[in-house]
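Engineer: Per my numbering, the sequence shown runs over residues 237 to 510.
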Amino acid sequence: MKTTAGTRLRVGIFVMVSLVIGASIAFAIGSQKNVFSSKTTYFAIFNDVGGLQKGNTVRVAGVNVGSVTEVIIGDSGRIEVYLRVIDDATHLIRGEAGAALIGEGPKPSFAAIGSKGLLGDRIVEISVGSDEYPQWDSQQAIPVSVGGGIMALAERTLVEVEGTAHNLRLATDPFSDQEFSNDLKETARNLAKASGVIANGDGTIGRLMNDAELGRDVKGAVKELRTAGKQVAQLSENLNKITEDIQTNDGTAHALIYGTEGADAIRNIRDTFG
237 MKTTAGTRLR
247 VGIFVMVSLV
257 IGASIAFAIG
267 SQKNVFSSKT
277 TYFAIFNDVG
287 GLQKGNTVRV
297 AGVNVGSVTE
307 VIIGDSGRIE
317 VYLRVIDDAT
327 HLIRGEAGAA
337 LIGEGPKPSF
347 AAIGSKGLLG
357 DRIVEISVGS
367 DEYPQWDSQQ
377 AIPVSVGGGI
387 MALAERTLVE
397 VEGTAHNLRL
407 ATDPFSDQEF
417 SNDLKETARN
427 LAKASGVIAN
437 GDGTIGRLMN
447 DAELGRDVKG
457 AVKELRTAGK
467 QVAQLSENLN
477 KITEDIQTND
487 GTAHALIYGT
497 EGADAIRNIR
507 DTFG
């Protein structure tokens, strides 16, 4: 069976198109997985990775920058997770050994286990470190935090809700006590009676609030008290001036109190009547 030129042409076109499509798919997948980018390997040590597996995504500041290459259970039971991160993102991973993750001051980068949605695959999230720190040494384990990810946020929210519910129970438990409930009802009745007495003008407070003439008398008394207070203040000021004049001026009163004449006069009176 002879192959015509047209058949060979069609086969060639088909093969070429297939190669182009295959190369495009490979390039797209490779770009998504950062296959063609140079990378740096980091590692972090966790107590629990929540089902993290080799090949899961690594994110820095929410952007896919690499993948998990190994998940190894150590002899101590802690889990070593190795990450390949593209070099274009390594400058964002900053910090140094011993840097504090909590408290005041600049924060270094740290790793946390997160997830793609509530039911999605596990991922490793790496925070952006303060630019006051140098780029992280890939030979040192990246510090970890158990507080990252949507699931961790949901767990913290659940704990807070449980705490709020507990506080509400503590606040409402007294109302379930019959004796407390009766006391509360009695207090409410007494308040209602007291407000009724005041509204009707009965009692001292009621008369003060409802009797216009008594109110005017009280206002007048208060005004008189203010006037008396001003007069007392003026009298005190005058006495202070008189005392100051006696102390500083040379006069009869000054001589009697501070001079020898006063003492001599008192001695003569005592001798005369003594």
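Backbone N, C-alpha and C fix where the C-beta goes; we use that ideal spot for every residue, glycine too.
If you compare alpha carbons, which of 283, 254, 334, 359 is closest to residue 376?
Structural biologist: Cα-wise, what sits closest to residue 376 is 334.
Engineer: Per DSSP, which residues does residue 315 bridge with? Please list them.
Structural biologist: DSSP, once it has assigned bridges, lists 282, 309 as partnering residue 315.
Engineer: In whole angstroms, give me the CA-to-CA distance for residue 408 and residue 426.
Structural biologist: Going from the Cα of residue 408 to the Cα of residue 426 covers about 23 Å.
Engineer: Classify residue 361 as buried or exposed, calling it buried when 16 or more other Cβ atoms lie within 10 Å of its own Cβ.
Structural biologist: It counts as buried.
Engineer: Taking just the CA atoms, how far does residue 414 sit from residue 456?
Structural biologist: Answer to the nearest angstrom: the Cα atoms are 50 Å apart.
Engineer: Can you tell me the Cα-Cα spacing of residue 324 and residue 255, whole angstroms?
Structural biologist: If you take the alpha carbons of residue 324 and residue 255, they lie about 30 Å apart.
Engineer: Which residue from 351, 274, 347, 356 puts its Cα closest to that of residue 365?
Structural biologist: Checking every option, the nearest Cα to that of residue 365 belongs to 347.
Engineer: Pick out the complete alpha helix (DSSP H) segments inside the segment 405-429, 4 residues or longer, and give them in chain order.
Structural biologist: DSSP runs (the alpha helix (DSSP H)) wholly in the segment 405-429: none.
Engineer: Within the continuous alpha helix (DSSP H) that includes residue 297, where are the two ends?
Structural biologist: From DSSP, residue 297 is part of no alpha helix (DSSP H); its letter is neither H nor E.
Engineer: Taking the straight line between their C-alpha atoms, what separation do you get for residue 404 and residue 398?
Structural biologist: Their backbone Cα atoms lie some 10 Å apart in a straight line.
Engineer: If you run the structure through DSSP and keep just helix, strand and coil, what is residue 455?
Structural biologist: Looking at residue 455 - three-state DSSP - the assignment turns out to be helix.
Engineer: Report buried or exposed for residue 385, applying the criterion of at least 16 other Cβ atoms within 10 angstroms of its Cβ.
Structural biologist: Low local confidence applies: a pLDDT of 49 at residue 385 is under 50, so the model's placement there is unreliable, and no value is given.
Engineer: Among 401, 250, 290, which one has its Cα closest to the Cα of residue 303?
Structural biologist: With distances taken between Cα atoms, residue 303 lies closest to 290.
Engineer: Answer with buried or exposed for residue 479, where buried requires no fewer than 16 other C-beta atoms within 10 angstroms of its C-beta.
Structural biologist: That one is exposed.
Engineer: How big is the Cα-Cα spacing for residue 287 and residue 295?
Structural biologist: Rounded to whole angstroms, residue 287 to residue 295 spans 17 Å at the Cα level.
Engineer: Residue 326 and residue 276: beta carbons closer than 8 Å?
Structural biologist: Yes.
Engineer: In terms of residue numbering, what span does the beta strand (DSSP E) encompassing residue 347 cover?
Structural biologist: That run of the beta strand (DSSP E) goes 347-351.
Engineer: Using the C-alpha atoms, what's the distance from residue 317 back to residue 280?
Structural biologist: In a straight line, the C-alpha of residue 280 is about 5 Å away from that of residue 317.
Engineer: Consult DSSP for residue 240 and reduce its assignment to one of helix, strand or coil.
Structural biologist: Correct three-state label for residue 240: coil.
Engineer: Taking only three categories from DSSP, how would you classify residue 359?
Structural biologist: In this structure, residue 359 counts as strand in the three-state DSSP scheme.
Engineer: If the criterion is Cβ atoms closer than 8 Å, does the pair residue 349 and residue 278 meet it?
Structural biologist: Going by C-beta atoms, residue 349 is not nearer than 8 Å to residue 278.
Engineer: Could you spell out where the alpha helix (DSSP H) holding residue 323 opens and where it closes?
Structural biologist: Run containing residue 323: 323-326, per the alpha helix (DSSP H) assignment.
Engineer: Sorted by chain position, which residues of the same chain lie with C-beta nearer than 6 Å to residue 342's C-beta, five sequence neighbours on each side aside?
Structural biologist: 366, 368, listed in sequence order.
Engineer: Within its chain, find whatever has a CB closer than 7 Å to the CB of residue 508; leave out the 5 residues flanking it on each side and keep chain order.
Structural biologist: The answer is none, since no qualifying residue turns up.
Engineer: Give me the Cα-Cα distance between residue 468 and residue 460, rounded to the nearest whole angstrom.
Structural biologist: Cα to Cα, the separation comes out at about 12 Å.
Engineer: How about residue 285 and residue 301: are their beta carbons less than 8 Å apart?
Structural biologist: No, Cβ-Cβ distance for residue 285 and residue 301 is not below 8 Å.
Engineer: Go ahead and pull the three-state DSSP assignment for residue 366.
Structural biologist: Looking at residue 366 - three-state DSSP - the assignment turns out to be coil, as it is neither helix nor strand.
Engineer: Does DSSP classify residue 275 as helix, strand or coil?
Structural biologist: In the structure shown, residue 275 sits in a strand (DSSP, three-state: E or B).
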